[in-house]
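Residue numbers (this note's numbering): 8 to 339.
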(Lines of atoms letter the chains of each structure in order from A; the text may use other names.)
(Lines give C-alpha, C1' and ligand atoms only; values in the text may rest on other atoms or scores of the structure.)
Protein backbone atom coordinates (compact mmCIF):
# COMPACT_ATOMS: atom_id res chain seq x y z
CA UNK A 8 0.00 0.00 0.00
CA UNK A 9 2.76 2.48 0.82
CA UNK A 10 4.32 1.94 -2.63
CA UNK A 11 0.96 2.70 -4.24
CA UNK A 12 0.72 5.82 -2.07
CA UNK A 13 4.09 7.29 -2.99
CA UNK A 14 3.79 6.43 -6.68
CA UNK A 15 0.43 8.18 -6.85
CA UNK A 16 1.72 11.17 -4.91
CA UNK A 17 4.61 11.49 -7.38
CA UNK A 18 2.12 11.61 -10.25
CA UNK A 19 0.07 14.26 -8.49
CA UNK A 20 3.10 16.38 -7.57
CA UNK A 21 4.20 16.37 -11.20
CA UNK A 22 0.89 17.93 -12.19
CA UNK A 23 0.25 20.12 -9.15
CA UNK A 24 3.15 22.12 -7.61
CA UNK A 25 1.10 22.81 -4.47
CA UNK A 26 1.36 19.13 -3.46
CA UNK A 27 3.84 18.99 -0.56
CA UNK A 28 5.11 16.03 1.48
CA UNK A 29 6.25 16.54 5.08
CA UNK A 30 7.84 13.56 6.85
CA UNK A 31 9.17 12.78 10.30
CA UNK A 32 12.68 11.61 9.37
CA UNK A 33 11.79 8.09 8.29
CA UNK A 34 10.71 6.04 5.30
CA UNK A 35 13.61 7.04 3.11
CA UNK A 36 13.40 3.86 1.10
CA UNK A 37 9.93 5.13 0.20
CA UNK A 38 10.16 8.94 0.06
CA UNK A 39 13.65 9.50 -1.39
CA UNK A 40 12.40 9.60 -4.97
CA UNK A 41 9.88 12.30 -4.07
CA UNK A 42 12.53 14.36 -2.23
CA UNK A 43 14.94 14.11 -5.17
CA UNK A 44 12.39 15.02 -7.83
CA UNK A 45 10.54 17.73 -5.91
CA UNK A 46 12.96 19.32 -3.40
CA UNK A 47 10.82 22.48 -3.07
CA UNK A 48 7.76 20.32 -2.31
CA UNK A 49 9.42 18.21 0.38
CA UNK A 50 10.19 18.90 4.04
CA UNK A 51 11.88 16.59 6.55
CA UNK A 52 10.66 17.87 9.91
CA UNK A 53 12.94 15.45 11.81
CA UNK A 54 11.74 13.25 14.67
CA UNK A 55 9.28 15.90 15.82
CA UNK A 56 5.78 14.99 14.74
CA UNK A 57 4.18 17.91 16.58
CA UNK A 58 6.39 20.29 14.57
CA UNK A 59 5.69 18.27 11.42
CA UNK A 60 1.96 18.83 11.84
CA UNK A 61 2.33 22.51 12.70
CA UNK A 62 4.53 23.06 9.65
CA UNK A 63 1.98 21.22 7.51
CA UNK A 64 -0.84 23.42 8.81
CA UNK A 65 1.15 26.57 8.07
CA UNK A 66 1.97 25.42 4.55
CA UNK A 67 -1.67 24.51 3.94
CA UNK A 68 -2.89 27.90 5.15
CA UNK A 69 -0.42 29.41 2.68
CA UNK A 70 -2.12 27.60 -0.19
CA UNK A 71 -0.38 24.22 -0.31
CA UNK A 72 -1.94 20.76 -0.38
CA UNK A 73 0.07 19.00 2.32
CA UNK A 74 0.54 15.31 3.09
CA UNK A 75 2.20 14.35 6.37
CA UNK A 76 3.68 10.86 6.52
CA UNK A 77 4.91 8.64 9.32
CA UNK A 78 4.42 5.14 10.69
CA UNK A 79 1.79 3.75 13.04
CA UNK A 80 0.86 6.12 15.87
CA UNK A 81 3.45 8.81 15.24
CA UNK A 82 1.49 11.05 12.82
CA UNK A 83 -1.73 10.72 14.85
CA UNK A 84 -1.71 10.22 18.62
CA UNK A 85 1.77 11.68 19.18
CA UNK A 86 0.63 14.99 17.68
CA UNK A 87 -3.10 14.87 18.33
CA UNK A 88 -3.23 18.35 19.84
CA UNK A 89 -1.70 19.84 16.68
CA UNK A 90 -4.10 17.87 14.48
CA UNK A 91 -7.06 19.14 16.50
CA UNK A 92 -6.03 22.75 17.02
CA UNK A 93 -3.80 23.55 14.02
CA UNK A 94 -5.34 21.40 11.29
CA UNK A 95 -8.99 20.71 12.10
CA UNK A 96 -9.82 23.97 13.88
CA UNK A 97 -8.54 25.92 10.88
CA UNK A 98 -9.95 23.44 8.33
CA UNK A 99 -6.43 23.27 6.90
CA UNK A 100 -5.81 21.30 3.72
CA UNK A 101 -3.65 18.68 5.44
CA UNK A 102 -3.78 14.95 4.70
CA UNK A 103 -2.45 12.88 7.60
CA UNK A 104 -1.01 9.61 6.29
CA UNK A 105 -0.25 6.75 8.68
CA UNK A 106 1.51 3.73 7.25
CA UNK A 107 1.21 0.47 9.14
CA UNK A 108 -2.39 0.38 10.37
CA UNK A 109 -3.26 -2.28 12.91
CA UNK A 110 -0.46 -4.76 13.59
CA UNK A 111 1.59 -4.04 10.44
CA UNK A 112 4.58 -3.15 12.66
CA UNK A 113 3.60 -5.83 15.15
CA UNK A 114 7.06 -7.08 16.04
CA UNK A 115 8.04 -3.61 17.32
CA UNK A 116 5.50 -3.78 20.13
CA UNK A 117 2.57 -1.76 21.42
CA UNK A 118 4.18 1.61 20.70
CA UNK A 119 3.96 0.75 16.99
CA UNK A 120 0.46 -0.79 17.01
CA UNK A 121 -2.07 1.55 15.37
CA UNK A 122 -5.24 0.12 16.88
CA UNK A 123 -7.17 3.20 18.12
CA UNK A 124 -6.40 5.62 15.29
CA UNK A 125 -9.69 5.34 13.39
CA UNK A 126 -11.69 6.10 16.52
CA UNK A 127 -9.54 9.11 17.38
CA UNK A 128 -9.58 10.53 13.85
CA UNK A 129 -13.35 9.98 13.47
CA UNK A 130 -13.85 12.22 16.48
CA UNK A 131 -11.94 15.14 14.97
CA UNK A 132 -14.33 17.80 13.56
CA UNK A 133 -14.10 18.18 9.79
CA UNK A 134 -11.77 15.20 9.34
CA UNK A 135 -12.49 12.72 6.55
CA UNK A 136 -11.26 9.23 7.48
CA UNK A 137 -10.12 6.79 4.77
CA UNK A 138 -8.86 3.22 5.16
CA UNK A 139 -8.52 1.72 1.66
CA UNK A 140 -8.67 -2.04 1.28
CA UNK A 141 -5.99 -2.76 -1.33
CA UNK A 142 -3.35 -0.93 -3.43
CA UNK A 143 -5.92 -0.07 -6.11
CA UNK A 144 -8.14 1.64 -3.55
CA UNK A 145 -5.05 3.42 -2.17
CA UNK A 146 -4.28 5.05 -5.52
CA UNK A 147 -7.84 6.28 -5.85
CA UNK A 148 -7.95 7.40 -2.21
CA UNK A 149 -4.79 9.52 -2.57
CA UNK A 150 -6.21 11.28 -5.63
CA UNK A 151 -9.57 11.82 -3.93
CA UNK A 152 -7.93 13.16 -0.76
CA UNK A 153 -5.82 15.60 -2.78
CA UNK A 154 -8.93 16.88 -4.58
CA UNK A 155 -11.07 17.25 -1.47
CA UNK A 156 -10.34 20.42 0.52
CA UNK A 157 -9.84 20.25 4.26
CA UNK A 158 -8.39 17.68 6.69
CA UNK A 159 -8.20 14.02 5.78
CA UNK A 160 -6.78 10.94 7.47
CA UNK A 161 -5.44 8.15 5.27
CA UNK A 162 -4.68 4.83 6.96
CA UNK A 163 -2.44 2.50 4.97
CA UNK A 164 -1.05 -0.98 5.38
CA UNK A 165 2.66 -1.51 5.08
CA UNK A 166 3.86 -3.85 2.33
CA UNK A 167 2.66 -6.94 0.53
CA UNK A 168 -1.08 -6.33 0.68
CA UNK A 169 -2.66 -8.22 -2.23
CA UNK A 170 -4.53 -6.52 -5.05
CA UNK A 171 -8.25 -7.30 -4.83
CA UNK A 172 -9.80 -4.98 -7.40
CA UNK A 173 -9.20 -4.57 -11.11
CA UNK A 174 -7.46 -1.31 -12.00
CA UNK A 175 -10.71 0.41 -12.96
CA UNK A 176 -13.05 0.94 -10.03
CA UNK A 177 -15.47 3.69 -9.13
CA UNK A 178 -14.09 5.38 -6.03
CA UNK A 179 -15.71 8.23 -4.16
CA UNK A 180 -15.10 9.45 -0.63
CA UNK A 181 -18.13 8.42 1.41
CA UNK A 182 -19.33 5.71 -1.01
CA UNK A 183 -18.51 2.09 -0.19
CA UNK A 184 -17.63 -0.50 -2.84
CA UNK A 185 -19.72 -3.65 -3.05
CA UNK A 186 -17.13 -6.28 -3.96
CA UNK A 187 -19.29 -9.41 -3.81
CA UNK A 188 -23.04 -9.94 -3.91
CA UNK A 189 -24.99 -12.07 -1.47
CA UNK A 190 -28.40 -12.15 0.16
CA UNK A 191 -27.83 -14.14 3.37
CA UNK A 192 -25.46 -11.82 5.23
CA UNK A 193 -23.25 -8.80 4.66
CA UNK A 194 -19.59 -8.68 5.65
CA UNK A 195 -18.34 -5.08 5.85
CA UNK A 196 -14.57 -4.68 6.04
CA UNK A 197 -12.27 -1.70 6.21
CA UNK A 198 -8.58 -1.31 5.50
CA UNK A 199 -6.34 -4.32 4.96
CA UNK A 200 -8.98 -6.85 6.06
CA UNK A 201 -10.64 -6.86 2.64
CA UNK A 202 -8.80 -9.80 1.07
CA UNK A 203 -9.25 -11.92 4.21
CA UNK A 204 -12.95 -11.03 4.29
CA UNK A 205 -13.33 -12.22 0.69
CA UNK A 206 -11.65 -15.51 1.55
CA UNK A 207 -14.10 -15.98 4.42
CA UNK A 208 -17.00 -15.22 2.08
CA UNK A 209 -15.73 -17.91 -0.30
CA UNK A 210 -15.59 -20.41 2.56
CA UNK A 211 -19.15 -19.49 3.55
CA UNK A 212 -20.28 -20.02 -0.03
CA UNK A 213 -19.04 -23.59 0.24
CA UNK A 214 -21.34 -23.98 3.25
CA UNK A 215 -24.34 -22.67 1.32
CA UNK A 216 -24.23 -19.13 2.76
CA UNK A 217 -24.26 -16.27 0.24
CA UNK A 218 -22.26 -13.45 1.84
CA UNK A 219 -22.20 -9.95 0.42
CA UNK A 220 -18.81 -8.23 0.86
CA UNK A 221 -18.57 -4.46 1.17
CA UNK A 222 -15.32 -2.50 1.28
CA UNK A 223 -16.00 0.45 3.56
CA UNK A 224 -12.92 2.45 2.58
CA UNK A 225 -14.38 5.62 4.10
CA UNK A 226 -15.35 5.61 7.77
CA UNK A 227 -16.18 9.29 7.81
CA UNK A 228 -18.39 10.24 6.09
CA UNK A 229 -19.84 6.72 6.30
CA UNK A 230 -21.94 5.33 3.47
CA UNK A 231 -25.24 5.20 5.36
CA UNK A 232 -27.12 4.06 2.25
CA UNK A 233 -24.97 0.94 1.85
CA UNK A 234 -25.43 0.05 5.52
CA UNK A 235 -29.20 0.43 5.43
CA UNK A 236 -29.38 -1.51 2.16
CA UNK A 237 -27.54 -4.38 3.83
CA UNK A 238 -29.93 -4.22 6.78
CA UNK A 239 -32.96 -4.43 4.49
CA UNK A 240 -31.65 -6.88 1.89
CA UNK A 241 -29.68 -9.39 4.00
CA UNK A 242 -30.31 -11.21 7.26
CA UNK A 243 -27.21 -10.13 9.17
CA UNK A 244 -24.42 -7.56 9.14
CA UNK A 245 -20.90 -8.26 10.40
CA UNK A 246 -18.13 -5.65 10.54
CA UNK A 247 -14.50 -6.77 10.31
CA UNK A 248 -11.59 -4.50 11.20
CA UNK A 249 -8.00 -4.61 12.44
CA UNK A 250 -8.77 -1.94 15.02
CA UNK A 251 -10.18 -1.68 18.51
CA UNK A 252 -13.76 -2.85 18.74
CA UNK A 253 -14.49 0.59 20.23
CA UNK A 254 -14.88 3.59 17.96
CA UNK A 255 -13.97 2.18 14.57
CA UNK A 256 -15.98 0.60 11.76
CA UNK A 257 -18.20 -1.49 14.01
CA UNK A 258 -19.13 1.51 16.12
CA UNK A 259 -19.85 3.63 13.05
CA UNK A 260 -22.17 0.99 11.56
CA UNK A 261 -23.84 0.38 14.92
CA UNK A 262 -24.61 4.11 15.20
CA UNK A 263 -26.38 4.01 11.84
CA UNK A 264 -28.39 0.91 12.70
CA UNK A 265 -29.37 2.27 16.12
CA UNK A 266 -30.75 5.47 14.60
CA UNK A 267 -32.46 3.95 11.55
CA UNK A 268 -36.16 3.52 12.22
CA UNK A 269 -38.07 0.34 11.34
CA UNK A 270 -34.99 -1.78 10.66
CA UNK A 271 -33.79 -4.55 12.93
CA UNK A 272 -31.04 -6.82 11.66
CA UNK A 273 -28.76 -9.30 13.39
CA UNK A 274 -25.46 -7.48 13.89
CA UNK A 275 -21.97 -8.39 15.08
CA UNK A 276 -18.70 -6.47 15.39
CA UNK A 277 -15.42 -8.32 14.91
CA UNK A 278 -12.27 -6.42 15.81
CA UNK A 279 -9.59 -6.15 18.46
CA UNK A 280 -10.43 -6.21 22.17
CA UNK A 281 -9.92 -2.93 24.02
CA UNK A 282 -6.60 -3.87 25.56
CA UNK A 283 -2.91 -3.72 24.71
CA UNK A 284 -1.55 -6.73 22.84
CA UNK A 285 1.03 -8.30 25.14
CA UNK A 286 2.33 -10.84 22.63
CA UNK A 287 5.07 -10.05 20.13
CA UNK A 288 5.09 -11.30 16.56
CA UNK A 289 4.46 -10.35 12.97
CA UNK A 290 1.12 -9.10 11.67
CA UNK A 291 -0.27 -12.52 10.77
CA UNK A 292 0.65 -13.92 14.19
CA UNK A 293 -0.96 -11.04 16.07
CA UNK A 294 -4.05 -11.10 13.88
CA UNK A 295 -4.50 -14.81 14.57
CA UNK A 296 -3.94 -14.26 18.31
CA UNK A 297 -6.80 -11.75 18.20
CA UNK A 298 -9.17 -13.96 16.20
CA UNK A 299 -8.59 -12.16 12.89
CA UNK A 300 -7.44 -15.20 10.92
CA UNK A 301 -9.63 -17.06 8.43
CA UNK A 302 -10.48 -19.75 10.97
CA UNK A 303 -10.88 -17.21 13.74
CA UNK A 304 -13.40 -15.21 11.75
CA UNK A 305 -15.36 -18.31 10.81
CA UNK A 306 -15.52 -19.32 14.48
CA UNK A 307 -16.75 -15.85 15.41
CA UNK A 308 -19.44 -16.08 12.75
CA UNK A 309 -20.90 -19.39 13.90
CA UNK A 310 -23.50 -17.99 16.34
CA UNK A 311 -24.81 -15.54 13.78
CA UNK A 312 -24.84 -18.24 11.09
CA UNK A 313 -26.92 -20.42 13.40
CA UNK A 314 -29.44 -17.61 13.77
CA UNK A 315 -29.58 -17.13 10.00
CA UNK A 316 -30.21 -20.85 9.52
CA UNK A 317 -33.00 -20.83 12.11
CA UNK A 318 -34.59 -17.78 10.52
CA UNK A 319 -34.48 -19.30 7.04
CA UNK A 320 -36.26 -22.38 8.38
CA UNK A 321 -39.10 -20.47 10.05
CA UNK A 322 -42.21 -19.39 8.11
CA UNK A 323 -41.53 -15.69 8.70
CA UNK A 324 -38.23 -15.92 6.82
CA UNK A 325 -36.09 -12.83 7.08
CA UNK A 326 -38.99 -10.84 8.57
CA UNK A 327 -37.95 -12.39 11.86
CA UNK A 328 -35.08 -9.90 11.61
CA UNK A 329 -36.84 -7.07 9.82
CA UNK A 330 -39.95 -5.25 10.90
CA UNK A 331 -41.45 -3.09 8.17
CA UNK A 332 -44.58 -1.21 9.17
CA UNK A 333 -47.63 -1.31 6.92
CA UNK A 334 -47.54 1.41 4.30
CA UNK A 335 -43.77 1.84 4.44
CA UNK A 336 -41.85 -0.73 2.40
CA UNK A 337 -44.46 -3.47 2.42
CA UNK A 338 -46.75 -5.48 4.67
CA UNK A 339 -45.58 -6.88 7.99
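Yeah, the Cβ is synthetic: ideal placement off N, Cα and C, and Gly gets one too.
These numbers were taken from a predicted model, which means no experiment stands behind them.
Would you identify the three-state DSSP class for residue i, choosing helix, strand or coil?
{"i": "residue 306", "result": "helix"}
{"i": "residue 168", "result": "coil"}
{"i": "residue 13", "result": "helix"}
{"i": "residue 220", "result": "strand"}
{"i": "residue 237", "result": "helix"}
{"i": "residue 28", "result": "strand"}
{"i": "residue 355", "result": "In this structure the chain extends from 8 to 339, so residue 355 is not present and cannot be described."}
{"i": "residue 315", "result": "helix"}
{"i": "residue 33", "result": "coil"}
{"i": "residue 211", "result": "helix"}
{"i": "residue 226", "result": "strand"}
Beta carbon of residue i, beta carbon of residue j: below 7 Å?
{"i": "residue 230", "j": "residue 259", "result": "no"}
{"i": "residue 117", "j": "residue 292", "result": "no"}
{"i": "residue 247", "j": "residue 281", "result": "no"}
{"i": "residue 42", "j": "residue 99", "result": "no"}
{"i": "residue 56", "j": "residue 86", "result": "yes"}
{"i": "residue 8", "j": "residue 142", "result": "yes"}
{"i": "residue 75", "j": "residue 250", "result": "no"}
{"i": "residue 238", "j": "residue 186", "result": "no"}
{"i": "residue 290", "j": "residue 79", "result": "no"}
{"i": "residue 201", "j": "residue 140", "result": "yes"}
{"i": "residue 274", "j": "residue 315", "result": "no"}
{"i": "residue 219", "j": "residue 189", "result": "yes"}
{"i": "residue 297", "j": "residue 308", "result": "no"}
{"i": "residue 54", "j": "residue 29", "result": "no"}
{"i": "residue 52", "j": "residue 34", "result": "no"}
{"i": "residue 153", "j": "residue 264", "result": "no"}
{"i": "residue 191", "j": "residue 242", "result": "yes"}
Give me the residue from the options with the minimum Cα distance to residue i.
{"i": "residue 150", "options": "36, 303 and 12", "result": "12"}
{"i": "residue 240", "options": "207, 193 and 275", "result": "193"}
{"i": "residue 228", "options": "123, 59, 155 and 101", "result": "155"}
{"i": "residue 101", "options": "71, 78, 313 and 122", "result": "71"}
{"i": "residue 217", "options": "299, 224 and 209", "result": "209"}
{"i": "residue 83", "options": "289, 205 and 160", "result": "160"}
{"i": "residue 226", "options": "233, 137 and 35", "result": "137"}
{"i": "residue 222", "options": "28, 272, 300 and 145", "result": "145"}
{"i": "residue 132", "options": "88, 162 and 119", "result": "88"}
{"i": "residue 96", "options": "81, 68 and 120", "result": "68"}
{"i": "residue 299", "options": "176, 268 and 196", "result": "196"}
{"i": "residue 124", "options": "312, 16, 204 and 198", "result": "198"}
{"i": "residue 176", "options": "204, 147 and 163", "result": "147"}
{"i": "residue 119", "options": "94, 81, 92 and 93", "result": "81"}
{"i": "residue 272", "options": "306, 234, 303 and 130", "result": "234"}
{"i": "residue 255", "options": "129, 22 and 14", "result": "129"}
{"i": "residue 305", "options": "14, 257, 211 and 232", "result": "211"}
{"i": "residue 24", "options": "14, 46 and 10", "result": "46"}
{"i": "residue 10", "options": "93, 73, 167 and 77", "result": "167"}
{"i": "residue 224", "options": "232, 236 and 178", "result": "178"}
{"i": "residue 163", "options": "93, 173, 77 and 73", "result": "77"}
{"i": "residue 115", "options": "174, 286, 60 and 311", "result": "286"}
{"i": "residue 204", "options": "310, 303 and 317", "result": "303"}
Does the beta carbon of residue i fall short of 6 Å from some heavy atom of the ligand SAM?
{"i": "residue 76", "result": "Among the ligands in the structure shown, none appear at all, so the ligand SAM cannot be discussed."}
Thinking residue i and residue j are a contact (beta carbons under 8 Å), I'd like their distance in whole angstroms, please.
{"i": "residue 158", "j": "residue 126", "result": "Not quite, the Cβ-Cβ distance comes to about 16 Å (not below 8 Å), so this is no contact."}
{"i": "residue 48", "j": "residue 26", "result": "6 Å"}
{"i": "residue 165", "j": "residue 107", "result": "5 Å"}
{"i": "residue 90", "j": "residue 104", "result": "Contact flag wrong, Cβ pair sits at about 12 Å."}
{"i": "residue 3", "j": "residue 206", "result": "Because the chain spans 8 through 339 in this model, residue 3 falls outside it and cannot be assessed."}
{"i": "residue 261", "j": "residue 276", "result": "7 Å"}
{"i": "residue 288", "j": "residue 113", "result": "6 Å"}
{"i": "residue 17", "j": "residue 44", "result": "7 Å"}
Taking CB distances under 7 Å as the criterion, tell me whether residue i reaches chain D.
{"i": "residue 75", "result": "Chain labels in this structure do not include chain D; a single protein chain is all it has."}
Restricting to runs no shorter than 3 residues, where is the beta strand (DSSP E) found entirely within the segment 254–312? Taking only runs of at least 3 residues, the beta strand (DSSP E) segments lying wholly in the segment 254–312 are 273–279.
Complete beta strand (DSSP E) runs within the segment 35–105 (minimum length 3 residues, chain order): Entirely contained in the segment 35–105, the beta strand (DSSP E) runs reaching 3 residues are, in chain order, 49–51 and 72–78.
Which runs of the beta strand (DSSP E) spanning at least 3 residues fall entirely within the segment 156–203, listed in chain order? Correct list: 159–163, 184–187 and 192–196.
Completely contained beta strand (DSSP E) runs for the segment 104–153, where each covers 3 or more residues: 135–137, all fully within the segment 104–153.
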